[in-house]
Amino acid sequence: MSEFTILGGPPSERSNRTDDHDAEPEPTRELPPGDPETATARGRLYSLLALGFARPDDDFERLLENGEYAAGLVDAATAVDGAVADAATAVEPPADTDQVTRQWASLFGVEEGRSVSPYELTYLPGPLLTTVRQLADIRGFYDAFGLDVGEAMPYRGDHVCYLTEFLGHCCLREARLRRRGDDEGVATVVDARGSFLEDHLGRWFWRFADEVSARDDGFYASLADLLAALVEDELETLSLEPEWVPDDPGVTEWSEDVFGDAGRGCGGCGADAAGLDEPTPGSQPNASSGDASLE
Numbered sequence: 001m002s003e004f005t006i007l008g009g010p011p012s013e014r015s016n017r018t019d020d021h022d023a024e025p026e027p028t029r030e031l032p033p034g035d036p037e038t039a040t041a042r043g044r045l046y047s048l049l050a051l052g053f054a055r056p057d058d059d060f061e062r063l064l065e066n067g068e069y070a071a072g073l074v075d076a077a078t079a080v081d082g083a084v085a086d087a088a089t090a091v092e093p094p095a096d097t098d099q100v101t102r103q104w105a106s107l108f109g110v111e112e113g114r115s116v117s118p119y120e121l122t123y124l125p126g127p128l129l130t131t132v133r134q135l136a137d138i139r140g141f142y143d144a145f146g147l148d149v150g151e152a153m154p155y156r157g158d159h160v161c162y163l164t165e166f167l168g169h170c171c172l173r174e175a176r177l178r179r180r181g182d183d184e185g186v187a188t189v190v191d192a193r194g195s196f197l198e199d200h201l202g203r204w205f206w207r208f209a210d211e212v213s214a215r216d217d218g219f220y221a222s223l224a225d226l227l228a229a230l231v232e233d234e235l236e237t238l239s240l241e242p243e244w245v246p247d248d249p250g251v252t253e254w255s256e257d258v259f260g261d262a263g264r265g266c267g268g269c270g271a272d273a274a275g276l277d278e279p280t281p282g283s284q285p286n287a288s289s290g291d292a293s294l295e
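First residue of the sequence shown? That's 1 in UniProt numbering, and the numbers climb one at a time after it.
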């Protein structure tokens with residue numbers, strides 16, 4: 001097995017003895033369909049979506065102004081699927097990049113009362129005191145890949161920009177493993193990506209896209225439609241059947257009467273809010289890693 005696996009650690013310590021007739025050979029894992037080029041394109045598209053759903057900064061506005069962002073979406077999506085490419089072609093950033101900043105603030109910015117939640121926990125049924133385990137599970141995926149959200153993270157770990165960035169990292173790692181001929185590593189990474197989609201983003205992406213489209217008919221609505229097209233393609237390609245969230249999850253958000261001061265930073269989960277604060281205006285996701293990053 002290649003040492004480049006998502007869990008890291010030492011190489012396999014299995015015995016190489018050939019005289020152990022009682023040992024049964026391990027079954028060969030089926031290699032998921034795909035190729036390095038498609039995996040790279042899918043990873044790039046996820047990463048571009050992560051950048052698009054984060055708070056716009058000067059660098060992002062420059063990418064919009066010179067057309068690199070829109071061109072990058074189309075180029076990556078074309079290598080993935082026809083329906084995904086069509087959705088990418090429909091993404092047209094406004095000529096006035098300041099308008100994108102205002103749109104983001106009105107949709108996702110806490111300083112303007114956020115009309116669309118970019119956080120997974122918001123869409124899950126039940127009180128956040130119980131769904132906080134979902135946040136721990138998400139962090140577990142990050143840890144398994146040797147990834148860590150930077151100390152200056154402005155968002156909670158279940159923010160859509162982090163989920164898409166993580167999936168992008170999975171796809172790029174898949175591409176590297178395919179080029180190395182590490183079939184077992186490929187199967188492991190694709191299995192992890194499938195589990196992450198089925199347990200997390202694949203459950204609520206459609207609700208997020210609907211919420212954005214109901215409040216915006218421009219750049220962010222088309223970006224959310226592109227996300228939906230990409231995830232739908234993933235679910236079909238990997239034969240996944242996530243348990244979709246209900247139309248009205250009935251989530252109990254943070255309430256001082258219910259939770260007191262605990263959990264303010266994590267939306268009412270009741271956990272220690274240290275490091276889980278809401279976004280700070282003007283800040284961007286900042287991830288660090290031992291052997292890779294979320295960027």
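Using N, Cα and C, we set each Cβ at its ideal position, and we do this for glycine too.
Asked, Found
"N- and C-terminal bounds of the beta strand (DSSP E) containing leucine 147", "147-149"
"Per DSSP, the bridge partner or partners of histidine 159", "Tyr119"
"C-beta atoms of alanine 70 and valine 100 nearer than 9 Å", "no"
"CB contact flag (glycine 52, alanine 175, <9 Å)", "no"
"Burial state of serine 222 (16 or more Cβ within 10 Å)", "buried"
"Alpha-carbon to alpha-carbon, glutamate 120 and tryptophan 204", "7 Å"
"Reduced DSSP category for proline 36 - H, G, I as helix; E, B as strand; rest coil", "helix"
"DSSP state of residue 299 mapped onto helix, strand, coil", "What the structure shows of the chain is the stretch from 1 to 295, and residue 299 is not part of that stretch, so it cannot be assessed."
"Exposed unless 16 or more other CB atoms sit within 10 angstroms - verdict on residue 348", "The structure shown does not extend to residue 348, since the chain is modelled only from 1 through 295, so no value can be given for it."
"Neighbourhood of alanine 50 by C-beta, 6 Å cutoff - its chain only, sequence neighbours within 5 removed", "Cys161, Thr164, Glu165"
"Closer than 9 Å to chain C by CB, arginine 133", "The structure shown contains no chain C, having only a single protein chain."
"When Ala187, Ser115, Leu177 are compared against aspartate 210, the one with the closest alpha-carbon", "Ser115"
"Top-ranked residue by Cα proximity to arginine 240, from Asp217, Tyr220, His200, Leu226", "The sequence shown places leucine at residue 240, not arginine. Residue His200 is the option with its Cα nearest to leucine 240."
"Beta-carbon proximity list for phenylalanine 141, same chain, < 6 Å, skipping 5 on both sides", "Phe196"
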